[in-house]
Amino acid sequence: MRFALVLLLAFAPEFAFAHKPSDSYLTIVPGEAGIHGQWDIALRDLEYAIGLDADGNGEITWGELRRKQSEVATYALARLHVTADGRKCTLVPGGYLVDDHSDGAYAVLQFSGECGGTRVPSSIEVEYSLFFDLDPSHRGLLRFQQGASTTTAILGPDRPKQTFALSGSSRLAQFLDYAREGVWHILIGFDHILFLVSLLLPAVFVLLRGTWKPAARFTPVFWDVLKIVTAFTLAHSITLSLAALSVVSLPSRLVESTIALSVVLAALNNLWPLVGGRRWAVAFGFGLVHGFGFASVLADLGLPRDALVLSLIGFNLGVEAGQLAIVAAFLPFAYALRRTWIYRRIIFTGGSILIALIAAVWMAERVFILKLMPG
3 MRFALVLLLA FAPEFAFAHK PSDSYLTIVP GEAGIHGQWD IALRDLEYAI GLDADGNGEI
63 TWGELRRKQS EVATYALARL HVTADGRKCT LVPGGYLVDD HSDGAYAVLQ FSGECGGTRV
123 PSSIEVEYSL FFDLDPSHRG LLRFQQGAST TTAILGPDRP KQTFALSGSS RLAQFLDYAR
183 EGVWHILIGF DHILFLVSLL LPAVFVLLRG TWKPAARFTP VFWDVLKIVT AFTLAHSITL
243 SLAALSVVSL PSRLVESTIA LSVVLAALNN LWPLVGGRRW AVAFGFGLVH GFGFASVLAD
303 LGLPRDALVL SLIGFNLGVE AGQLAIVAAF LPFAYALRRT WIYRRIIFTG GSILIALIAA
363 VWMAERVFIL KLMPG
């Protein structure tokens, strides 16, 4: 327990970010006179970057945001550069609104751009750097609207600049963009990773009379892991699709709190096993909830159905690729060490205690809207 508490304190700043990653939602519509745009930016991110909460009471009011409107526009538009056919567009702020997304309130900045031309350009280049210096995990989810056609892209520190042909960009490029983002989201989604790891930790054991014993052969271990991964994949694919297509919607707070609870229960089951050979059922049941967590990125972008389906397929396949990479790295290591004291006491027992403690803190933060971990 002491060992787990020491690790908890050591890694708390990293695991504090086990919530929906920082995203902004940018829409650009080209026209003959230039461009028009709308940019939804999370108030929590703006508070961290420039400070909005003037009285320090933990709540950002419309009055506090209104007094900072000019500063918000200056800060944001300085980190967005648009060129049309090689001509730089001068971006000018317009109206200000506030909107609610699945993870909280967002400032909505409307803007226009004069690009120095008299006809609709053949290509537009967008360069994005919002919050990259503060949060390297931040992404800009771009919706490029051309009449009835919509193209999407994801802008991040690894790909801050993208060019769009007004005749329509490659569907393959859009698919690969979201597949890459799916891999990224599973790798930085610590709560999803810890849930999966909690289910994988006992996979190299068999439960005999309430006690975990090392598995004698690899084949049963492999099939057990395959059932767990398949069940988790199937479950979160179902709810990811339903939520992203706006068929089913659940409150973000409920979803994130339940995800944390699933990690707690999966880790405690390793210490006091109630579910042994049917962990695939646990993976399926809670995987349905995890799918709603994955879906928030696509649902909040508000894409038309044709663009959303393509993005959904790419994103989901990227999540599966990232998940399989975690399993491929973990399973041979765990199987090789399953009979050792290091695995049984430190990795399995100590790791399960640590995971349960971290997830319990997450759950308290999400249920009661607290800030218990630094970061």
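Sequential numbering of the sequence shown, starting at 3, is according to our numbering.
We treat Cβ as the ideally placed atom computed from N, Cα and C, and that holds for glycine.
- Proximity of the region 212-224 to the region 245-263 falls short of the contact definition, fewer than three beta-carbon pairs being nearer than 8 Å.
- Look at ASP105 here: in three-state DSSP terms it is coil, with no helix or strand label.
- In summary, ALA301 is buried, with 16 or more beta-carbon neighbours lying within 10 Å of its beta-carbon over all protein chains present.
- By the CB criterion at 9 Å, ALA237 and GLY320 fall outside the cutoff.
- Residues VAL31 of the same chain have their beta carbon placed closer than 6 Å to that of GLN147, with the five preceding and five following residues left out of the count.
- It is roughly 34 Å from the alpha-carbon of GLY119 to the alpha-carbon of ARG69.
- In the DSSP assignment, VAL208 falls outside any alpha helix (DSSP H) and lies within the beta strand (DSSP E) extending over 207-210.
- In this structure ILE62 is in contact with LEU54, their Cβ atoms being roughly 5 Å apart against a cut-off of 8 Å.
- For LEU168 and GLY33, the gap between their C-alpha atoms comes out near 10 Å.
- As the crow flies, the alpha-carbon of VAL266 is around 13 Å from that of PRO275.
- Apart from the 5 residues on each side of it in sequence, ILE195 sits with its Cβ closer than 8 Å to the Cβ of ILE188, LEU189 and ILE328 in its chain, given in chain order.
- The C-alpha of ASP226 lies about 8 Å from the C-alpha of TRP282.
- Closest option to ARG46, judged by alpha-carbon separation, among TYR108, LEU144, TYR130 and ILE360: TYR108.
- Inclusion of VAL100 and TRP41 in the CB contact set at 9 Å is not warranted, their separation being larger than that value.
- DSSP places HIS140 outside both helix and strand once states are collapsed to three, so it counts as coil.
- Pairing VAL122 with LYS90, the inter-Cα distance amounts to about 14 Å.
- Counting of Cβ neighbours within 10 angstroms places SER239 among the buried residues, the total reaching 16 or more.
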